[in-house]
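S.K.:
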Amino acid sequence: MKLSNSSTLLWALCLAPSSHCRSRNDRKHFWRREIKMAVEPQCGGFNSQGFVNFNGGINFAQIKTIYSFGDSWSSNGRYDGSPASPAVRQDTNPMYGRRASNGPMWTEFLASNQRTLRNYAIGGATVNHHLWKARAMKSDMVGQVDKFLSQRLPIDTESSLATIFYGINDYSSSAEGPGTLEQAAGWLLEETERLIGAGLKKFIVVAPYFNRSRINNFNNIVWNGFKNLKQSRRGIKFAYIDLSALFTAIYANPSSFGYKSTGACLKSATTTVGGCSNPDEYLYWIPAHPQYQTQRLEADWVRAVLNKCQG
């Protein structure tokens, strides 16, 4: 999926063969940029023992291809790296082009300026579903990496980057076990080694959006694991994104960002019936899943860390 700018993206989304694409006036409303970044990321250093916003050597201007691994907070609805369906509504289905949002995902916003996005992220994914009784039949990073490796794609190391965003579903499943979040963090690092073996050496790692002691321990293990990878003299570069810092700021003062509510526009994840009239005012589209302007804000936050937090 190649995107040049927001206007090109809009036409790419709406020129698809679909009778459900929004009207011209509705498209204008769709791209109204009311939500804004009200805070800047606070940066940390490489020597920090706990996870921080940090960019360890990624020059994003050099990136031409992004490989995305994660769950519904990242997935564009295509799980094999192929081009995504248009992010448009189909009747009362709230999943715009199979996305858990009402528009493009943060990875799609990030993949602007003629970059190619290859998505392997799947809704409901954990790092390793065998760790969790509650996720016994769900996707995981292990399977996503398997799919990626099975394609034997030629990887240009210098211009390629992988985004890794897990932990939300691992956290929600951890109460039932039988695995632990520490084990999940270890598996994430093992799967990253497999990606490195395929030629990927640049990574954006995103920490979940909430601040809890158990998930923070997961984040710290992953953070220190990537520090070790960077020191392994294999040319590994990574950026770590503390998404919880952004969402903590939003919850503390939503109006400063342009939100009127930190809730969800829709009452369920299965239908748009009974939903709000202006989703731009809400933090989430369906419960616990960001609306498209929040997705854009996440991408802006990632770019800010890449630009500001170089170390």
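Using mature numbering (1 follows the signal peptide of the UniProt record, and there is no 0), the letters of the sequence shown correspond one by one to residues -21 to -1, 1 to 290. Where a beta carbon is used, it is the ideal one built from N, C-alpha and C, also for glycine.
(1) Could you tell me whether the Cβ atoms of residue 89 and residue 278 are closer together than 8 Å?
(2) Mapping the DSSP letters down to three states, classify residue 213 as helix, strand or coil.
(3) Among 250, 244 and 190, which has the Cα closest to the Cα of residue 261?
(4) Apart from the five residues just before and just after residue 282, which ones in its own chain have a Cβ nearer than 8 Å to its Cβ?
(5) Quick check on the DSSP output: what are the complete beta strand (DSSP E) runs of length 3 or more inside the region 2 to 62, in order along the chain?
(6) Of all the options 205, 211, 134 and 214, which has the alpha carbon lying nearest to the alpha carbon of residue 177?
(7) Cα-Cα, which of 104, 98 and 181 is closest to residue 150?
(8) Run through the DSSP bridge pairs and tell me what residue 119 is partnered with.
(9) Would the beta-carbon of residue 184 fall within 8 Å of that of residue 205?
(10) At the level of alpha carbons, what is the spacing between residue 6 and residue 67?
(11) Can you give the Cα-Cα distance for residue 34 and residue 288, rounded to whole angstroms?
(12) In chain order, what residues of the same chain lie with their CB nearer than 6 Å to the CB of residue -20, ignoring the 5 residues before and after it?
(13) Rounded to whole angstroms, what's the CA-CA distance from residue 126 to residue 46? Just pull it up for me.
(14) Exposed or buried, which one is residue 112 when buried takes at least 16 other CB atoms within 10 Å?
(15) In terms of residues, what are the limits of the alpha helix (DSSP H) holding residue 242?
(16) Please go through the same chain and pick out, in chain order, the residues whose beta-carbon is closer than 8 Å to the beta-carbon of residue 59, but skip the five residues on each side of it.
(17) Measuring alpha carbon to alpha carbon, tell me which residue in 73, 41, 78 and 143 is nearest residue 48.
(18) Would the beta-carbon of residue 121 fall within 8 Å of that of residue 170?
(19) Along the chain, where does the alpha helix (DSSP H) containing residue 173 start, and where does it finish?
(20) With H, G and I counted as helix, E and B as strand and the rest as coil, what does DSSP make of residue 126?
(21) Closer than 8 Å by C-beta to residue 267: which residues in its own chain qualify, once you throw out the five before and the five after it? Chain order, please.
(22) Looking at the secondary structure, which residues open and close the beta strand (DSSP E) in which residue 64 lies?
(23) Within a Cβ cutoff of 7 Å, which residues of the same chain sit near residue 285, ignoring the five residues on either side of it in sequence?
(24) Flag this pair as yes or no: are the beta carbons of residue 163 and residue 106 separated by less than 8 Å?
(25) Tell me, please, which residues DSSP counts as bridged to residue 142.
(26) Reducing DSSP to helix, strand and coil, say where residue 78 ends up.
(27) Grab me the residues of residue 137's own chain with a C-beta within less than 8 Å of its C-beta, minus the 5 sequence neighbours each way, in chain order.
(28) Sorted by chain position, which residues of the same chain lie with C-beta nearer than 7 Å to residue 74's C-beta, five sequence neighbours on each side aside?
(29) Count the other C-beta atoms from every protein chain shown that fall within 10 angstroms of the C-beta of residue 236, then say buried if there are 16 or more, exposed otherwise.
(30) Expressed to the nearest angstrom, what Euclidean distance is found between the alpha-carbon atoms of residue 168 and residue 256?
(31) Using C-beta distances below 8 Å, list every residue in its chain close to residue 179, excluding the 5 sequence neighbours before and after it, in chain order.
(32) Expressed to the nearest angstrom, what Euclidean distance is found between the alpha-carbon atoms of residue 220 and residue 23?
(33) Do you know how far the Cα of residue 199 is from the Cα of residue 175?
M.R.: Looking at the coordinates:
(1) If you number the sequence shown from 1, residue 89 lands on position 110. If you number the sequence shown from 1, residue 278 lands on position 299. Remark: C-beta atoms of residue 89 and residue 278 approach each other more closely than 8 Å.
(2) Locating residue 213 in the sequence shown gives position 234, counting from the first residue. Three-state result, residue 213: coil.
(3) Within the sequence shown, the letter at position 282 stands for residue 261. Looking at the Cα atoms, 244 is the closest of the given residues.
(4) If you number the sequence shown from 1, residue 282 lands on position 303. Here the set comprises 39 and 89.
(5) For the region 2 to 62, the continuous beta strand (DSSP E) assignments of 3+ residues that do not extend past its boundaries occur at 33 to 35 and 44 to 49, in sequence order.
(6) In the sequence shown, residue 177 corresponds to position 198, counting from 1. Minimum Cα distance to residue 177 is reached at 134.
(7) Within the sequence shown, numbered from 1, the residue matching residue 150 stands at position 171. Checking every option, the nearest Cα to that of residue 150 belongs to 104.
(8) For the purposes of this step, residue 119 is taken as residue 140 along the sequence shown, with counting starting at 1. 105.
(9) Locating residue 184 in the sequence shown gives position 205, counting from the first residue. Locating residue 205 in the sequence shown gives position 226, counting from the first residue. Yes. Within cutoff.
(10) By 1-based counting over the sequence shown, the position of residue 6 is 27. By 1-based counting over the sequence shown, the position of residue 67 is 88. Residue confidence is low: residue 6 scores 41 on pLDDT, short of 50, so the model does not pin down where it sits. Its coordinate-derived value is still stated next. Rounded to the nearest angstrom, the two C-alpha atoms are 10 Å apart.
(11) In the sequence shown, residue 34 corresponds to position 55, counting from 1. In the sequence shown, residue 288 corresponds to position 309, counting from 1. Going from the Cα of residue 34 to the Cα of residue 288 covers about 5 Å.
(12) On the sequence shown, position 2 is the one that residue -20 refers to. Summary for residue -20: the model assigns pLDDT 42, below 50, so the residue's position carries little reliability; its value from the coordinates is reported in the next sentence. Around residue -20: 93 and 95.
(13) Mapped onto the sequence shown, residue 126 falls at position 147. Mapped onto the sequence shown, residue 46 falls at position 67. Each residue's alpha carbon lies about 12 Å from the other.
(14) Position 133 of the sequence shown, counted from the start, is the residue given in the question as residue 112. By the Cβ neighbour-count rule, residue 112 is exposed, with fewer than 16 other Cβ atoms within 10 Å of its own.
(15) Locating residue 242 in the sequence shown gives position 263, counting from the first residue. Residue 242 -> not in any alpha helix (DSSP H); beta strand (DSSP E) instead, spanning 240 to 243.
(16) Along the sequence shown, one-based indexing puts residue 59 at 80. Answer for residue 59: 99, 126 and 130, listed in chain order.
(17) On the sequence shown, position 69 is the one that residue 48 refers to. Nearest of 73, 41, 78 and 143 to residue 48, Cα basis: 143.
(18) Taking the sequence shown and counting its residues from 1, one reaches residue 121 at position 142. Taking the sequence shown and counting its residues from 1, one reaches residue 170 at position 191. Between residue 121 and residue 170, the CB-CB gap stays under 8 Å.
(19) As a working note, residue 173 is residue 194 in the sequence shown. Start and end: 160 to 176.
(20) Position 147 of the sequence shown holds residue 126. Helix at residue 126.
(21) Mapped onto the sequence shown, residue 267 falls at position 288. Residues of the same chain with a CB within less than 8 Å of the CB of residue 267, apart from the 5 flanking positions on each side, are 243 in chain order.
(22) By 1-based counting over the sequence shown, the position of residue 64 is 85. No residue range can be given for residue 64, since it is assigned to no beta strand (DSSP E) and is classified by DSSP as neither H nor E.
(23) Residue mapping note: residue 285 aligns to position 306 of the sequence shown, counting from 1. Hits under 7 Å: 34, 37, 39 and 218.
(24) Locating residue 163 in the sequence shown gives position 184, where the first residue counts as 1. Locating residue 106 in the sequence shown gives position 127, where the first residue counts as 1. The beta carbons of residue 163 and residue 106 sit closer together than 8 Å.
(25) The sequence position of residue 142 within the sequence shown is 163, counting from 1. Assignment of beta-bridge partners to residue 142 by DSSP yields 47 and 183.
(26) By one-based count along the sequence shown, residue 78 stands at place 99. The answer is coil: DSSP assigns residue 78 none of H, G, I, E or B.
(27) Within the sequence shown, numbered from 1, the residue matching residue 137 stands at position 158. Closer than 8 Å at the Cβ level, and outside the excluded window around residue 137, lie 41.
(28) As a working note, residue 74 is residue 95 in the sequence shown. Taken in chain order, the list of residues that qualify is empty.
(29) Your numbering for residue 236 matches position 257 in the sequence shown. Classification of residue 236: buried, given that the 10 Å Cβ count is 16 or more.
(30) In the sequence shown, counting from the first residue as 1, residue 168 sits at position 189. In the sequence shown, counting from the first residue as 1, residue 256 sits at position 277. Taking the CA atoms as reference points, residue 168 sits about 43 Å from residue 256.
(31) In the sequence shown, the residue the question calls residue 179 occupies position 200. Cβ-Cβ distances below 8 Å link residue 179 to 46, 134, 136, 139, 140 and 141 in the same chain, with the five nearest sequence neighbours on each side left out; the list follows chain order.
(32) By one-based count along the sequence shown, residue 220 stands at place 241. By one-based count along the sequence shown, residue 23 stands at place 44. Taking the straight line from one Cα to the other gives about 11 Å.
(33) On the sequence shown, residue 175 is found 196 positions in, with the first residue counted as 1. On the sequence shown, residue 199 is found 220 positions in, with the first residue counted as 1. Using only the alpha carbons, I get a separation of about 21 Å.
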